Structures are given as C-alpha cells and as structure tokens.
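Each position in the sequence shown, counted from 1, maps to that position plus 565 in this note's numbering.
Note that the Cβ used here is the ideal one computed from N, Cα and C, for glycine as well.
A quick note: this is a predicted structure, and the numbers were derived from the prediction, not measured.
Beneath this line is the structure, given in structure tokens, with notes to follow.
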Amino acid sequence: MKGHGVAGPSLALVKYWGKRSAEDNTPATGSLAVTLGTLESRTEVTWDDRDSVVVNGSPQPLERFAGFLGSLKAGLGVVDRGIAVTSVNNFPTAAGLASSSSGFAALAGAVAALAGVPVAPERLSALARLGSGSATRSVFGGFTVFDAGATQAVPEQDEGFWPGFRVVLAIVREEAKATSSRVAMETSRRTSPYYGPWVDTSPALLSSAREALAHRDWARLGPLVRQSYLRMFATMFTAEPPLLYWKPESLALIQALEALRAEGFTAWETMDAGPQVKIFCPEDQAGALVAELSRRVPEVRFLTAAPGPGLRTWREP
Ligand code: PMV
Numbered sequence: 566m567k568g569h570g571v572a573g574p575s576l577a578l579v580k581y582w583g584k585r586s587a588e589d590n591t592p593a594t595g596s597l598a599v600t601l602g603t604l605e606s607r608t609e610v611t612w613d614d615r616d617s618v619v620v621n622g623s624p625q626p627l628e629r630f631a632g633f634l635g636s637l638k639a640g641l642g643v644v645d646r647g648i649a650v651t652s653v654n655n656f657p658t659a660a661g662l663a664s665s666s667s668g669f670a671a672l673a674g675a676v677a678a679l680a681g682v683p684v685a686p687e688r689l690s691a692l693a694r695l696g697s698g699s700a701t702r703s704v705f706g707g708f709t710v711f712d713a714g715a716t717q718a719v720p721e722q723d724e725g726f727w728p729g730f731r732v733v734l735a736i737v738r739e740e741a742k743a744t745s746s747r748v749a750m751e752t753s754r755r756t757s758p759y760y761g762p763w764v765d766t767s768p769a770l771l772s773s774a775r776e777a778l779a780h781r782d783w784a785r786l787g788p789l790v791r792q793s794y795l796r797m798f799a800t801m802f803t804a805e806p807p808l809l810y811w812k813p814e815s816l817a818l819i820q821a822l823e824a825l826r827a828e829g830f831t832a833w834e835t836m837d838a839g840p841q842v843k844i845f846c847p848e849d850q851a852g853a854l855v856a857e858l859s860r861r862v863p864e865v866r867f868l869t870a871a872p873g874p875g876l877r878t879w880r881e882p
C-alpha cells in the first residue's frame, strides 16, 4: 500500500519571518502567499520497519524529519509504524524556492492518505506546520493567509481569482543554501535590533496587501511586496552573524527591475532565504520581462508559473 501527496511551493508576497513560539512553530508575523502551479513536490510513502527519507534520489539525515514524522504519526494515530518516504521536486531543492513548503505539505498529505484516515485540509495545514511554517500554506491553492500566532493557514482567494497573475522565478544559483530559514530567522530574532520593528509593523503591511490583492491592484500591491521582503532582509543583514543570502546577480536583477518599472513594466520582486529573485507580473508582460532580464543579467535561468492548486493526495492499494 502507498500514500501519495503532491503540492506546489508557497511563495510569500508578505513574509513570515520569526517564530512567536518555536515549540509550536507559530509565526511572529502574518504572511500572504500564493501557491504555485507547475512547480511541485511529489511524495510517496509506504510502511516500513523504520523511518527513512529520500529526496531527489538522495537519502536524507533523519534529524530534520524525525520530529515531524513523530508528530505526524501521533496526530494520525499510527505511532508504532515506520515510514519510508520518497520525494521528488521538479525544481531546485533548498535553494530559496520554497521546496520545504511543498515538501512538508506533500509529506503530511501522503502519510494521511497511507494511514487511511480522512483528514480535513484545515487539519492537514496544521500538521504540515510542524514541518515548516510555509508548508502550512501549501495545503491550500491560490492565495493564502497564515496569521501571526496561527496554527493553520486559511484560503484567501482561490486559484482562478486573478487569471493574469504570473510569477517569474529568476534562478541565480541552483545549489542548496548554507543556512536554513529556521536557523536564520532565529538568529534574526535573537540579534537584530530591527527584529522588533519588523514584527510591530507587519500587521499593517499585511492588511494593506490583503486589500490590494482583493482589488487585483498591482500599483498598490507591488510596493507592499517590496517593503515586506526588504524589511525582512533588514533583520538578516543586521543579525549577528549577518545573513547574506544575496549574490551579485540577485542585486543586478533587483536593479534591472527598478529600471524596467521606470520603462513601464508592472513587475515587483521578492526574495526568500536564498539568492533567487521571484517576480510578480501580469501574464501579458512575462515574456518581454524574461527577454529583458536575460539580456541585462546573463546566466540566470527563468521559470514562469501561475497560481496553482492545493495539496492533492491519494491512496494506492
Ligand atoms: O517555512 P520556513 O520555516 O522555512 O520559512 C519560510 C520563510 C520565508 O520563505 C523566508 C518567508 C515565507 O513567508 O515563506
């Protein structure tokens, strides 16, 4: 018997960065995100004598997964069984493309399917949170909100809400990052003098962004998206030791986008705990945008995605 889970990465327009409770993995700041189509984690699980995890063909150290698998099994009432996990991402893993969001959501769904217990998406969202905060959001498709202190995400706008909405992913480096977001956000919380103001100013930013999204208002949403990631990075740059995920191409892309906006493009970038730059833009500009960026910043790979569906799961007898 096998359990299957497929989920897309959750990319935040307004960022979660820092935990309210490390024990419960609840966020200090609320986030607004879009679940991407095209990119996905596909996870397959079977019962086994002991737990094991293989991602993209490589066996993984169990420490990163043991706690999560334990909580998941406890939550689903299957504590006395081992689980063999095989997961494949069709995009670079652990490089700041949110593979942990899709990976942990797909894993939570796959184990629930294997256990054969019906689990509501709200509960799966809460279970996925124990693996990674952003995985909480990947359970739902379209646009999602994960409030400060919350234990699960909620759907905000469905997958079809904004048909012309596109995300261009500019992949600057393919390799995995050196510092996990879990460690980095804790370092920011403990050491950055800007962490307090980051948390304090985030509720107003989130509510303005939700309103702008509800009106599909690029002119209002774009600058808020930019404010969110730059404030988040301010806490990283001023942490001790500082967290410098950016590469020269990351900054080159940010500056090229500033110039392209002045030339009339509606394109707003964000970044996560990695060097990649993710750009939100209207569908009818995506092609020209990629052409311009490729010309101005060579040696960057581009992928384009639209808002996608939430977690899909099934059980194979
Ligand atoms: O899901 P985590 O715990 O790895 O944290 C993700 C944090 C960011 O990607 C930087 C922001 C976000 O809201 O997704």
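Comparing the CB of residue i with every heavy atom of the ligand PMV, is any distance shorter than 7 Å?
| i | result |
| --- | --- |
| Trp582 | yes |
| Ala735 | no |
| Ser746 | yes |
| Ser690 | no |
| Gly595 | no |
| Ala743 | no |
| Ser757 | no |
| Ser699 | yes |
| Ser767 | no |
| Ser703 | no |
| Ala799 | no |
| Asp782 | no |
| Ser586 | no |
| Asp885 | The displayed coordinates of the chain run from 566 to 882. Any statement about residue 885 would go beyond what the structure contains. |
By how many angstroms is the C-alpha of residue j removed from the C-alpha of residue i?
| i | j | result |
| --- | --- | --- |
| Glu848 | Ala663 | 22 Å |
| Val865 | Val733 | 12 Å |
| Pro683 | Ala572 | 18 Å |
| Ser666 | Leu576 | 9 Å |
| Val790 | Gln820 | 16 Å |
| Glu881 | Lys567 | 5 Å |
| Phe867 | Arg615 | 39 Å |
| Gly602 | Arg731 | 10 Å |
| Ala827 | Gln841 | 22 Å |
| Phe726 | Gly640 | 33 Å |
| Arg607 | Val653 | 5 Å |
| Leu786 | His569 | 36 Å |
| Glu823 | Ala832 | 9 Å |
| Arg754 | Arg747 | 11 Å |
| Ala817 | Phe656 | 22 Å |
| Pro788 | Ser690 | 29 Å |
| Val619 | Val643 | 21 Å |
| Ala649 | Gly875 | 23 Å |
| Ala799 | Gln792 | 10 Å |
| Arg775 | Asp782 | 10 Å |
| Gly668 | Ala784 | 33 Å |
| Gly839 | Val862 | 18 Å |
| Ala587 | Gly706 | 26 Å |
| Cys846 | Trp612 | 43 Å |
| Ser636 | Thr878 | 19 Å |
Assuming residue i and residue j are in contact, meaning their beta carbons sit under 8 Å apart, how far apart are those beta carbons, in whole angstroms?
| i | j | result |
| --- | --- | --- |
| Gly595 | Leu771 | 5 Å |
| Glu805 | Thr756 | 4 Å |
| Glu687 | Gly873 | With a Cβ gap of about 19 Å, Glu687 and Gly873 do not count as contacting. |
| Gly583 | Ala598 | Going by Cβ atoms, the distance from Gly583 to Ala598 rounds to 16 Å, so no, they are not a contact pair. |
| Phe708 | Thr701 | Not a contact, Cβ separation roughly 14 Å. |
| Met801 | Lys580 | At roughly 11 Å, the Cβ-Cβ gap does not stay under 8 Å, so Met801 and Lys580 are not in contact. |
| Pro574 | Ser703 | 7 Å |
Are the C-beta atoms of residue i and some chain E residue less than 8 Å apart?
| i | result |
| --- | --- |
| Gly698 | Protein chains in the displayed structure number just one, and chain E is not present. |
If we count Cβ pairs, one from each stretch, closer than 8 Å, do we get three or more for the region 684-700 versus the region 723-740?
no
Taking three-plus beta-carbon pairs below 8 Å as touching, is the region 807-820 in contact with the region 621-641?
no
Specify whether the region 758-766 and the region 675-682 touch according to this definition: at least 3 beta carbon pairs, one from each stretch, less than 8 Å apart.
No, the region 758-766 does not touch the region 675-682.
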